[in-house]
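Residue numbers (UniProt numbering): 1 to 325. Glycine included, each C-beta is placed from N, C-alpha and C at the ideal position. Predicted model only: the values in this text are computed from it and were never measured.
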Amino acid sequence: CSSHGLELVKLDFSRPLEEQGPLSAIVHKFCDILVRADHGDAECQRITADFERFCKAHPEVLVLDPLENVRKVLNRYRQYKLVEQSKLGSTDWVFIPPFVELTSADPQENLERLGSHAIQFPIVCKPLVSHGMKKAHQMCLVFGPGGLGEVPVPCVAQQFVAHDARLLKVYVLGPHYYLTWRPSLRNFTAGDQPSICFNSQDISKPHSSSPLNAPLPPNAAEEAQPCPQKLRFLVDVVRQELGQLLFGMDVIVEKGTGRLCIIDVNNFPGYDGVANFLDKLSALLAELVSSEPPDSGIDTSDSSDERKPQMCRTPKKLHLRPPHP
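Here it is in structure tokens:
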């Protein structure tokens, strides 16, 4: 940070934030605290309330990212709906796999819900909570109706998309994005075999070896590289929808069609494989804190910059047009 003219200070949430300034920017990983607060943790509720009060009282402080925007990705069903209803929904080359929220322990009722959303087996059942809890990455691969009795609810049931066991990690850092390939689930088909429960983080580690995945070929980075113009459009749309500058996406390439498929979005990922990440983050912060506060970039039907204090300065709203197929 010092090479970019920044001084780094670790905040102590047991003390008032006003006593620890003056602050130009706050970079945080608040997902775990938000989730625990939502589940009744009194200390996390206090920390969250104090932080939100500080941000409201000091809109001049850059916050990466505003808590109201981070909350958009904490629930998988909500993040999927957000992306599905964005400008990406009007393209024919990127999609969210069909999904539905399951809340009943009755397998027959869940089968009917899957049918009403035209979701075919196999399916991947994911916890609603996407961050902050151990179970957030515990998933279940269900091959047919007989496995629905084993599905922990509530959850999001999402149709499995064959993708040749390769996962593209898209790391977004302000206006820039970085790509790295990871192992992923092998191609599976519907059947009556038992359901398989797994931890998604174990499957997609850089050198993961599991019966459920396949090792990446040495030239994975060069093979089937998605179109840069499409990736740029995808990143810009999701950034605009989230109002976040630090986020990541898990993207797979559908076997046979080449369509891009978004299967997860998360705030402030690990940025594994991004060279000189801290230097890049410092450069972004230096640029943001030295610029004049622009329009927040957040445009909703029930709020405006004039009526609502902004807790983060984000790029101006973009007018995005999808690239030609």
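TODO: Return the bridge partner residues of N248 from the DSSP annotation.
DONE: Looking up residue 248 in the sequence shown gives position 248. Checking the displayed sequence, the identity of residue 248 turns out to be Gly instead of Asn. BP columns for G248 point to Y171, N266.
Task: Contact with chain B by I119, beta-carbon distance below 8 Å - done: This model lacks chain B altogether, as it is built from one protein chain only.
- [ ] From the DSSP output, in three-state form, read off L8 for me.
- [x] Your numbering for residue 8 matches position 8 in the sequence shown. L8: coil per DSSP, three-state reduction.
TODO: Have a look at G115, T91, T180 and flag the residue whose alpha-carbon is nearest the alpha-carbon of residue 332.
DONE: Only positions 1 to 325 of the chain appear in the structure, and residue 332 is not among them; the question remains open.
Open item on the list: Output needed for D123: all residues of its chain with C-beta closer than 8 Å, excluding positions within five of it in sequence on either side, in chain order.
Closed with: Mapped onto the sequence shown, residue 123 falls at position 123. The sequence given here places Ile at residue 123; Asp does not occur at that position. Excluding residues within five positions, the ones whose Cβ falls inside 8 Å are L114, L141, V142, A157, Q158, Q159, F160.
Task: Complete beta strand (DSSP E) runs within the region 148-199 (minimum length 3 residues, chain order) - done: Complete beta strand (DSSP E) runs here, min 3: 155-159, 166-173, 176-183, 196-199.
TODO: Leaving aside the five residues before and after P309 along the sequence, list all residues of the same chain whose C-beta is less than 7 Å from its C-beta, in chain order.
DONE: Taking the sequence shown and counting its residues from 1, one reaches residue 309 at position 309. Low per-residue confidence applies at P309: pLDDT is 27, beneath 50, and the placement is therefore not dependable enough to give any value.
Open item on the list: Per the DSSP calculation, residue 329 is bridged to which residue(s)?
Closed with: The chain is shown from 1 up to 325; residue 329 falls before or after that span and cannot be answered.
Task: V251 beta carbon less than 8 Å from that of L260 - done: Numbered from 1 along the sequence shown, position 260 holds the residue referred to as residue 260. Numbered from 1 along the sequence shown, position 251 holds the residue referred to as residue 251. In this structure, V251 lies closer than 8 Å to L260 by Cβ.
- [ ] Look at the Cβ atom of H4, then the Cβ atom of A283, and state whether they are nearer than 8 Å.
- [x] In the sequence shown, residue 4 corresponds to position 4, counting from 1. In the sequence shown, residue 283 corresponds to position 283, counting from 1. Going by C-beta atoms, H4 is nearer than 8 Å to A283.
TODO: Would you check if the distance between the CB atom of P152 and the CB atom of I119 is smaller than 8 Å?
DONE: Counting from 1 along the sequence shown, the entry for residue 152 is found at position 152. Counting from 1 along the sequence shown, the entry for residue 119 is found at position 119. For P152 and I119, no; Cβs fall outside 8 Å.
Open item on the list: For residue 367 and V35, which I take to be in contact (beta-carbon distance under 8 Å), what is that distance rounded to the nearest angstrom?
Closed with: The question about residue 367 has no answer, for the chain in this structure spans 1 to 325.
Open item on the list: Buried or exposed, going by whether 16 or more other CB atoms sit within 10 Å of the CB of P66?
Closed with: One-based indexing of the sequence shown puts residue 66 at position 66. P66 comes out buried.
Open item on the list: Starting from P107, trace the beta strand (DSSP E) in both directions and tell me its first and last residue.
Closed with: Mapped onto the sequence shown, residue 107 falls at position 107. Here P107 belongs to no beta strand (DSSP E); instead the alpha helix (DSSP H) covers 107-116.
- [ ] Please name the residue in P228, A165, A286 whose C-alpha comes closest to that of W93.
- [x] If you number the sequence shown from 1, residue 93 lands on position 93. The alpha carbon of W93 has as its nearest neighbour, out of P228, A165, A286, the alpha carbon of P228.
Open item on the list: If I measure Cβ to Cβ from E241 and keep anything under 6 Å in the same chain, skipping five residues before and after, which residues do I get?
Closed with: The residue you call residue 241 lines up with position 241 of the sequence shown. So the list reads L82, S86, once near-sequence residues are dropped.
Open item on the list: According to DSSP, simplified to helix, strand and coil, what is V61?
Closed with: Taking the sequence shown and counting its residues from 1, the one referred to as residue 61 is at position 61. Of the three classes helix, strand and coil, the one that applies to V61 here is coil, per DSSP.
Open item on the list: Please list the terminal residues of the continuous alpha helix (DSSP H) segment that includes I33.
Closed with: If you number the sequence shown from 1, residue 33 lands on position 33. Start and end: 31-38.
Open item on the list: Which residue wins for smallest C-alpha separation from H163, given the options E109, V170, P183, E7?
Closed with: Taking the sequence shown and counting its residues from 1, one reaches residue 163 at position 163. Per the Cα distances, P183.
Open item on the list: Between the alpha carbons of K10 and D236, how many angstroms are there, rounded?
Closed with: As a working note, residue 10 is residue 10 in the sequence shown. As a working note, residue 236 is residue 236 in the sequence shown. The alpha-carbon atoms of K10 and D236 are separated by roughly 31 Å.
Task: First and last residue of the uninterrupted beta strand (DSSP E) at L17 - done: Taking the first residue of the sequence shown as position 1, residue 17 is located at position 17. First-last for L17: undefined, no H or E at that position.
Task: Assigned secondary structure, M311 (DSSP; H/G/I helix, E/B strand, else coil) - done: Along the sequence shown, one-based indexing puts residue 311 at 311. Bear in mind that the predicted position of M311 carries a pLDDT of just 31, short of 50, making it unreliable; the figure below should be weighed with that in mind. Coil.
Task: Best match in L212, T180, S195 for proximity to P206 [C-alpha to C-alpha] - done: Walking along the sequence shown from the start, residue 206 turns up at place 206. When C-alpha distances from P206 are compared across L212, T180, S195, the shortest belongs to T180.
Task: Local Cβ density within 10 Å of E7, reported as buried at 16 or more and exposed below that - done: By one-based count along the sequence shown, residue 7 stands at place 7. Under a 10 Å Cβ-count criterion, E7 is classified as exposed, with fewer than 16 other Cβ atoms of the shown protein chains found around its own Cβ.
Open item on the list: Please classify K126 as buried or exposed, where buried requires at least 16 neighbouring CB atoms within 10 angstroms.
Closed with: Within the sequence shown, numbered from 1, the residue matching residue 126 stands at position 126. Flag for K126 reads buried.
Open item on the list: So, at 8 Å on beta carbons, what are the nonlocal neighbours of D302 in its own chain, with the 5 sequence-adjacent residues on each side left out?
Closed with: What you label residue 302 is simply residue 302 of the sequence shown in a count that begins at 1. Because D302 sits at a pLDDT of 38, beneath the cut-off of 50, its placement in the model cannot be relied upon, and the point is left open.
Open item on the list: For L111, which residues in the same chain have their Cβ closer than 7 Å to its Cβ, ignoring the five residues on either side in sequence?
Closed with: The residue given as residue 111 occupies position 111 in the sequence shown. Only residues of its own chain outside the window of five on either side were considered, and among them P145, L148 have a CB closer than 7 Å to the CB of L111, listed in chain order.
- [ ] Report all residues from its chain with a CB closer than 8 Å to the CB of L62; omit the five preceding and five following residues, and keep chain order.
- [x] What you label residue 62 is simply residue 62 of the sequence shown in a count that begins at 1. Excluding residues within five positions, the ones whose Cβ falls inside 8 Å are S24, A25, I26, L285, L288, V289, C312, R313.
TODO: Return helix, strand or coil for K205, following the three-state DSSP convention.
DONE: Mapped onto the sequence shown, residue 205 falls at position 205. Reduced to three states, the DSSP call for K205 is coil.
TODO: May I ask you to report which of helix, strand or coil DSSP gives A283?
DONE: Your numbering for residue 283 matches position 283 in the sequence shown. Helix.
TODO: Starting from the Cα of C197, find the closest Cα among Q45, L212, K169 and give me that residue.
DONE: Within the sequence shown, residue 197 is the residue found at index 197, counting from 1. When each option's Cα is compared against that of C197, the closest is L212.
Task: N267 beta carbon less than 8 Å from that of V129 - done: Your numbering for residue 129 matches position 129 in the sequence shown. Your numbering for residue 267 matches position 267 in the sequence shown. Not closer than 8 Å, so no.
Open item on the list: By DSSP's criteria, K126 is part of a beta bridge. Which residues make up the other side?
Closed with: Numbered from its first residue, the sequence shown carries residue 126 at position 126. DSSP lists V156 as partners of K126.
Task: Under the three-state DSSP convention, the category I119 falls into - done: The residue labelled residue 119 in the question sits at position 119 within the sequence shown. The answer is coil: DSSP assigns I119 none of H, G, I, E or B.
TODO: Count the other C-beta atoms from every protein chain shown that fall within 10 angstroms of the C-beta of Q108, then say buried if there are 16 or more, exposed otherwise.
DONE: Locating residue 108 in the sequence shown gives position 108, where the first residue counts as 1. With fewer than 16 other Cβ atoms within 10 Å, it is exposed.
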